[in-house]
Each structure stands twice: as structure tokens, then as C-alpha cells.
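In the working numbering, the protein residues as written are 1217 to 1478.
(1) With DSSP as the reference, identify every bridge partner of residue 1390, one or two as the case may be.
(2) Residue 1294 and residue 1264 look like a contact to me (Cβ under 8 Å); what is the Cβ gap, rounded to whole Å?
(3) In three-state DSSP terms, what is residue 1403?
(4) Round the Cβ separation of residue 1290 and residue 1411 to the nearest angstrom and send it over; I've been treating them as touching at under 8 Å.
(5) Please go through the same chain and pick out, in chain order, the residues whose beta-carbon is closer than 6 Å to the beta-carbon of residue 1273, but skip the five residues on each side of it.
(6) Is the beta carbon of residue 1262 closer than 8 Å to that of residue 1292?
(7) On the DSSP bridge assignment, give the partners of residue 1304 in chain order.
(8) In its own chain, which residues sit with a C-beta less than 8 Å from the C-beta of residue 1315, not counting the 5 before and 5 after it?
(9) Since residue 1305 and residue 1283 are thought to touch, with beta carbons under 8 Å apart, how far apart are those beta carbons, to the nearest angstrom?
(10) Out of 1413, 1406, 1423, 1246, which has the shortest C-alpha to C-alpha gap to residue 1447?
(11) Taking the beta strand (DSSP E) that residue 1258 belongs to, which residues open and close that run?
(12) Where do the N-terminal and C-terminal ends of the beta strand (DSSP E) with residue 1220 fall, by residue?
(13) Taking all protein chains shown into account, decide if residue 1226 is buried (16 or more other Cβ within 10 angstroms of its Cβ) or exposed.
(14) Pick out the complete beta strand (DSSP E) segments inside the stretch 1450-1476, 3 residues or longer, and give them in chain order.
(15) Per DSSP, what are the beta-bridge partners of residue 1290 in this structure?
Written out as C-alpha cells, the structure reads:
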């Protein structure tokens, strides 16, 4: 297996005979020349140019072992559209070797093609989201007109604050629900006309950075979130709700927050 490594957030000593160590702009060229089976990357090295290189046909579906520190959330967010596997940095040689071994097993069992086409799965999940939105809209429509207050950003933020208030009285891990926390934050931001960066969304998730990034990637892969690069900053990305997700959230919160007694 050809392994290409770039960055300083790991100790590659145990894998040195498999790896090439690159710096600067040599990485994009090496991806083209070497056609590696696996890329080990320090998230601090990620930028829009690398995102572009990994999107080229020859690199589509390349597995990436991405080593992330809390401060690297924005850079990691640029690669959410790719086949990344997240690992906390710094990583010692033993941890790195185990992660590579885990990733190597499905690679060795594959047919040798690097193609990775999640479109059919994403399309099915997107249809699920649309069905949920339709069902919730129907539920909300059953309520007599004028019986509920509009669901605005202030009410959604109050709901978020109430969720965080529990942490004063109970261990926050008891109620960890990063997917819902991120949906709430993105929906409130949508109502406020505000864009949400990857690092901001990780904070809203109220879980460790790598856990939040895994959730964001899952939501992006499923078509529930959309990732947008910042044209003014090559190392920044924004996350927004897909239209069907926004419709589902609107109907869901209207039903929940305007439920009798709320």
C-alpha cells in the first residue's frame, strides 16, 4: 500500500518504510505522480488548493487520515466533502499505526478501484428528509390558525440556552446530542441571516472537536448540511442547512415550540 504523509501532527517513525514526507506545494504534485492508496495529513496543511486537488478525478475517493487539533476545525472543514477519517493530534507512532491498519483492511479487500460514489445513499437520505418535512408540515397545518407564535430566532436561541442550562445541574455527557444542537444553531443562524463557520458549529455541538467534525461530515454526506468555501479566505468554510433540512426544521420547531402548553 502506498502511503503519502504530510504535516507535523504525528509521529510516523513506525511507518517510515511506507511513507513519503512532503512539505510545501509538493503535496498536490505528489498526489498526481504517486497515486497513493492513503493520505495521512495534518489538518493544519489543509486549504482550498488541496481541496481542489483532492476533487480531481484521479484523487476522487482517496481515503484521508486527518489529524486534527481543536484549533484546526476550520481547515478540517475544507475537506469535509472528501473521504476523511479523523484522529486527534498529536498522534504517536503506535496510534498512527493502528489507525492505518484499520483503514488498510477495507482497502486490501477492495477491487483496487478508488471510486467512492455515495450519491445513491445521499439521494435516499435526502428523500427521507423531504418526507419528514412534508409530514411535519402536515402536522403543523392541523393546528388552528392563530394558535401559535411565529418561530423566530429569539425563540430558537432561548431553546438552545435552555438545553445548555441543564449542564449546570447534570453531567453534560448525559444529554450529548450534537446533531440536534447543530441543527438548532444553523436554523437560528438562517433566521438571523448569519453564516456559520465550521469552528463555530463545532462549539455549538458542545462535544470535542473531532467528534463534532465527524457529525458535520455525516450530515454533509447525507445531504442534510451544505459546505461552502469562503471565497475571501482559502482556509475557511461555512456550513448551511440544505433546503429540505431547513423546511423540516421549520415545521418541526413550529410543532414543538407551539405545542399546547409551550
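Ideal Cβ placement from N, Cα and C applies to all residues, glycine included.
Let me spell this out:
(1) BP columns for residue 1390 are empty, so no partner.
(2) 6 Å
(3) helix
(4) Not really, about 13 Å apart at Cβ, beyond 8 Å.
(5) none
(6) yes
(7) 1284
(8) 1281, 1301, 1303, 1307
(9) 4 Å
(10) 1413
(11) 1254-1258
(12) 1219-1222
(13) buried
(14) 1453-1457
(15) Its beta-bridge partners do not exist; DSSP assigns none.
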